[in-house]
Every structure is written in structure tokens, then in C-alpha cells.
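This report concerns only the one structure given below.
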Amino acid sequence: MYQSQKLAIRYLVAAFALFGVMIAAGLLAAAFYLEPGLLFDKLNFSTVKILHIDTLVVWNLMGFFGAVYWFLPQEVEREVVGIRLANVMFWVLCAAFLVVAAVFALVQTGPTRDSTLWLINQGRKYVEAPRWAAIGILCVVAVFMFNIVATAVKARRMSGVLGVLIVDLVPLFVLYLDAFPSETNMAKDMYWWWWLVHLWVEATWEVLIACIMAWTLMRLLDTPRRIVETWLYITIGLVMGSGILGLGHHYYWIGTPKYWFDLGGFFSALEPLPLIGMVVHAVYDAGVHRMRCSNRPALYWMFAEAFGNFFGAGVFGFMMTLPQINLFTHGTQWTVSHGHFAWWGAYVCGLISIVYVVLAQARDARQVDGPLWKWAFALLNLGIVGMVGGLLIAGMAQAFYERALGGSTLQSFITAQGSSWFVEGMWVRAAFGVMFALGYVLLVVDLARVGRRAAAPELRAAGVGA
Ligand code: HEM
Ligand code: HEM
Ligand SMILES: [Fe+2]
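The numbering of the sequence shown is numbering that gives the first Met the number 0, which starts it at 0 and goes up by one.
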């Protein structure tokens with residue numbers, strides 16, 4: 000095994016551990032909706048939510064890094080250049096995460112001084128880490144980029160997938176600079192912040208996961224490189240064509256010029272197209288191989304990724320992307336419903352598929368199957384769909400009572416939050432959240448057993464330990 004692949008395993012283990020932290024924080028945040036006085040004066044909802052969504056971003060990034068460090072040496076058939084530095088950076092990232100999480104949990108808020116930006120929180124939703132840690136993250140990404148580019152140069156190998164990946168790393172790095180606030184005008188500030196959030200999840204990350212899934216597909220179903228690369232180019236063309244100006248669907252109500260209504264409405268309505276392409280591709284690949292595959296969990300999670308991305312991002316995003324509808328749904332639990340479904344489908348399912356492929360290779364497992372992954376698969380997917388449903392109902396109650404009937408006043412906001420549809424929606428979300436958490440526990444147990452449980456019958460058959 001290459002050194003880079005050992006680092007990959009470390010990254011993936013850390014990522015899936017943080018996935019657990021994220022779920023715990025999510026459950027606690029959900030409990031605040033049911034019992035608003037919870038932990039009064041000790042821990043506030045905003046901090047718990049920050050922990051939830053920042054952990055999400057960090058563990059997804061760690062998962063992507065892990066996947067790339069795993070597949071890259073196989074792609075170029077040599078060790079990754081600068082792997083020692085990459086190892087150091089892994090520990091830097093873990094240490095920074097722990098310190099930041101402790102500061103979030105124990106200190107929570109600071110005075111309105113620059114020192115708060117440096118030491119406690121930069122106030123950027125999804126990337127709230129204080130400035131020192133954000134600089135650390137930039138260094139980690141810079142080393143990651145160096146590793147990939149230097150390895151490709153040294154190996155004198157450039158495949159289509161690798162080329163796309165390298166080009167994509169540039170916006171991944173540059174957009175993160177948006178995590179550093181410099182603007183005091185609120186409208187301008189939001190204008191730029193959306194470049195980070197929207198262009199990461201609806202462009203840069205989509206390309207990144209498409210590259211990683213391309214490598215995964217070649218291993219999972221022996222799909223020829225020619226086919227995955229052709230699909231990769233089509234997806235990227237469509238993602239870029241719709242996603243960049245689709246940014247406009249966040250510009251309706253923040254003080255930007257009116258032409259964003261048309262631009263945002265039109266281009267973001269096209270955004271589901273590349274996602275349909277992914278579904279077609281996945282079904283086509285599996286059909287060609289008659290669903291035969293030695294790693295069924297990875298195959299099913301890849302399907303979940305294709306369908307989840309299409310429904311969560313494409314359908315649920317499309318539902319509220321036109322300004323005429325967004326006027327009523329903006330910033331309600333409807334948005335949260337889409338956020339959960341889309342992120343789940345676009346990134347988490349893909350990362351789970353990848354980790355099954357990596358573990359099967361790492362542990363030399365010829366066959367990955369068994370009952371446990373199916374339980375995890377069912378509980379996690381039912382859990383998320385149930386949460387998404389509860390949130391959608393709560394969001395609809397807000398859109399009707401608060402926006403359409405109440406005219407968006409503070410009083411109508413409070414009335415909507417007290418409506419039985421909203422309250423029950425929050426209970427449904429919490430209940431399905433518990434189901435989701437159970438699914439996570441089974442997933443981790445199953446991942447730990449990949450390759451190990453298959454060995455037992457083989458050994459018995461060979462008469463060892465009988
Ligand atoms: C590709 C994966 C996607 C992910 C991970 C994702 C995730 C999210 C998240 C987390 C938010 C909430 C942002 C916030 O206010 O904190 C959001 C908002 C939004 N998304 Fe997506 N999204 C994706 C794709 C799409 C697509 C394809 C569309 C349209 C077709 C779309 C339309 C929207 C709209 C209109 C909002 C703003 C909602 C509001 O006004 O409150 N998204 N998305
Ligand atoms: C046990 C499971 C989970 C529970 C109980 C949970 C709960 C929550 C809660 C209470 C919030 C705050 C919403 C608000 O501000 O009103 C939230 C936000 C969020 N969660 Fe989760 N979550 C869970 C799992 C997940 C997963 C698996 C993902 C990603 C795939 C995710 C992604 C997000 C995102 C993107 C937001 C921000 C959405 C927005 O502000 O529009 N969560 N979650
Ligand atoms: Fe967006």
C-alpha cells in the first residue's frame with residue numbers, strides 16, 4: 000500500500016468519526032426546537048447549529064481528501080509527492096478542529112472586536128472557524144493541491160479525470176477566501192458570501208465528487224475510462240453552464256439589482272439537468288453489468304447518490320428556485336428541508352459509496368455483502384427522507400401562515416412557529432433524526448467489518464480454526 004493510501008484511510012476514519020459528531024450536534028439542535036429552554040445559559044442553539052454544519056463541511060472535505068489520496072497513486076502508479084507534509088497537515092487539521100470545536104462549545108461568543116474574529120468566530124455561516132484556523136485550513140488545501148500537481152508532473156501522466164480535478168482545485172481554494180470577512184455593507188457582504196456557499200456546493204464540489212465517482216465507477220463496475228470521462232465532461236459543462244449564473248437564486252432579496260430575478264430564475268431552473276445526467280449514467284452502467292458487482296453496498300450507495308442528488312438538489316431545489324415561489328419559501332424550514340436532502344444526495348451518499356470501495360481494496364475483500372449494510376442503508380435513507388418530509392411540512396406552514404397570510408411580520412413569524420403543522424413537523428424531524436442516528440451506528444459497525452466477516456467462512460472452508 001502506498002503511503003498516500005495510508006493517509007487516505009486516516010482521513011476517511013477521521014471523516015466518519017466527525018460524521019458522528021455532526022449527527023449528535025444535529026440531534027441536540029433539533030431538541031432545541033422541541034424544548035426552547037434547553038441548556039439555558041449554558042449552550043445556545045446557534046452554537047450547536049454551527050457545530051452541526053461546520054462539522055459537515057469539514058468531514059466532507061476530509062472525505063474528499065481521503066478519496067483523492069487513495070485513488071491518485073493508483074492513477075499515476077507512483078507515490079504521491081510531498082506525502083510527509085501531507086501527513087503533518089492531517090494532524091494540523093485534526094488539532095485545529097478539536098480546538099475550534101472546544102472554543103465554540105465553551106466560549107461561544109466574544110466582544111465586537113477584531114480579536115473575536117481571530118480567536119472565536121468569523122461569523123460566516125458554514126465556515127465559521129476563527130481566522131487562525133481558517134488560515135490553517137487554507138494551508139492544508141494548498142498542500143493538497145501541491146501534492147496532486149507535483150505528483151502529476153513528476154509521473155508525467157495526465158488523464159482526463161486528473162486534469163479536471165486539478166483545474167477544479169483552483170476555485171475550491173480561491174472561493175474559501177470568502178470565509179474571511181472584509182466588507183461592512185451587509186448586502187455586499189452577502190453577495191460575496193454566496194460565491195462561497197453556492198459555488199462550492201453547486202459547482203466546485205459537484206465537479207470534485209464527479210471526478211472521485213468516476214474513479215470509483217471504474218473500480219466498481221469496470222466501466223471503461225472513455226465512458227466515465229465523456230460523462231464527466233458533459234456533467235461539468237452542464238454544471239458550469241447552469242450553476243454559475245444559477246447563483247442568482249440567492250440574490251433575490253438581499254438588495255441586488257432586479258435583473259437577478261430573471262437570471263437567477265432561468266439559470267437555476269436549468270440546474271437539475273446535469274443531475275438527471277448522473278442518474279441516467281448510473282442506471283446505464285449498472286444495466287450494462289446486469290447489476291452484478293462484488294461490492295453491493297458501494298453500488299447501492301452510488302445509486303442513492305445519483306437519485307438523492309437528483310431529488311434533493313434538483314427537484315427540491317427547483318421547487319423553490321423561481322423568485323415567485325422563493326418569495327414565500329425563502330429562509331423557512333422548506334430551505335432546511337432542501338438543504339438536508341440535497342447535501343445528503345450530492346455528497347454524503349457518494350462518500351459512503353467511496354469508503355466501501357476503498358475499504359474493500361485496502362482489506363483485499365473479494366466480496367462485500369451481508370445483512371447489516373442493508374439495515375444501515377434503509378435506516379439512514381428512511382431517516383433522512385422522514386426528516387426532509389417533516390421539515391417540508393413545517394416549511395409549508397411557515398410559507399402559508401407567516402408569508403402568504405401574515406405578510407412576513409414578526410408576529411406572523413411567531414404565529415407560524417406555534418402552528419400545529421410546524422410543531423408536529425419538528426417532532427417528526429426529531430423522531431426520524433433518531434432513526435438516522437441508529438443507521439449511522441450500524442453503518443460504522445458494518446464498515447469496521449468489511450473484509451473481516453467474509454474471511455470467516457473462507458477460513459472455515461479451508462479447515463482453519465474449525
Ligand atoms: C448540488 C447540491 C446542492 C446542495 C448541497 C444544496 C444545498 C443548499 C443549502 C444548504 C441551502 C441553504 C443555504 C442557507 O441559507 O444556509 C440551499 C439553498 C438554496 N438552494 Fe440549494 N443545494 C444544491 C443544489 C440546488 C439546486 C440544483 C437548486 C435549484 C434548482 C437549488 C436551489 C436553492 C435555493 C433557491 C436556495 C435558497 C433558499 C432560500 O431562499 O432560502 N439548490 N441549498
Ligand atoms: C440526526 C440527523 C440530523 C438532525 C437531527 C439535524 C438537525 C438539524 C437542525 C436542527 C438544523 C438547524 C436548522 C435551523 O436553522 O432551523 C440543521 C441544519 C442543517 N443540517 Fe442537519 N440534521 C441532521 C443530519 C444532517 C445531515 C446528514 C446533513 C447533511 C447531509 C445535514 C445538513 C444540514 C444543513 C446543510 C443545515 C443548514 C440548513 C439551513 O440552514 O438551511 N444535517 N440540521
Ligand atoms: Fe444555490
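For each residue, glycine too, the CB sits at the ideal point set by N, CA and C.
For ligand 2, residues qualifying as neighbours are Ile22, Gly25, Leu26, Ala28, Ala29, Lys48, His51, Ile52, Leu55, Thr334, Val335, Gly338, His339, Trp342, Trp343, Val347, Gly432, Phe435, Ala436, where qualification means a beta carbon closer than 6 Å to at least one of its heavy atoms (chain order). Counting along the chain, no alpha helix (DSSP H) covers Cys292, and no H or E run does either. Bridge partners of Val148 according to DSSP: none are assigned.
Contact check for Thr54 against Gln107 fails: the beta carbons are separated by 7 Å or more.
Along the segment 328-374, the alpha helix (DSSP H) occurs as fully enclosed runs of 4 or more residues at 332-342, 348-361, listed in sequence order.
In the DSSP assignment, Lys5 falls within the alpha helix (DSSP H) that extends over 2-33. In this structure, the CA atom of Arg428 is about 5 Å from the CA atom of Gly389. Just so you know, the alpha carbons of Leu42 and Val173 end up roughly 34 Å apart. The three-state reading of DSSP puts Leu321 in coil, since its state is none of H, G, I, E or B. The DSSP assignment places complete alpha helix (DSSP H) segments of no fewer than 4 residues inside the segment 375-447 at 409-417, in order along the chain. Less than 7 Å divides the Cβ of Met386 from the Cβ of Gly432. In this structure, Ala375 lies away from Gly286, with their beta-carbon atoms at least 7 Å apart.
Given a length threshold of 4 residues, each whole run of the alpha helix (DSSP H) inside the segment 110-151 is given here in chain order: 113-118.
Taken from the Cβ of His329, every heavy atom of ligand 3 lies 6 Å or farther away. For the pair Cys93 and Gly405, the Cα-to-Cα distance works out to about 47 Å. Look at the beta carbons and you see the segment 158-172 touching the segment 134-148: at least three pairs across the two are nearer than 8 Å. The segment 10-25 makes contact with the segment 348-366; the number of CB pairs closer than 8 Å reaches 3 or more.
A distance below 7 Å separates the beta carbons of Pro273 and Thr234. Put simply, the residues with a CB less than 6 Å from any heavy atom of ligand 3 are His197, Glu201, His248, His249, in chain order. Just measuring C-alpha positions, the residue of Pro72, Val56, Ala186 sitting nearest Ala128 is Val56.
The residue among Leu231, Val91, Pro256, Leu262 with its C-alpha nearest the C-alpha of Leu246 is Leu262. By the criterion of at least three beta-carbon pairs nearer than 8 Å, the segment 182-189 is in contact with the segment 251-262.
Counting the other Cβ atoms within 10 Å of the Cβ of Trp90 gives fewer than 16, which makes it exposed. For Asp261, the secondary structure class from DSSP, reduced to helix, strand or coil, is helix. Within the same chain, and ignoring the five residues on either side of Ala151 in sequence, the residues whose Cβ sits closer than 8 Å to its Cβ are Val75, Met157, Leu161, Ile165.
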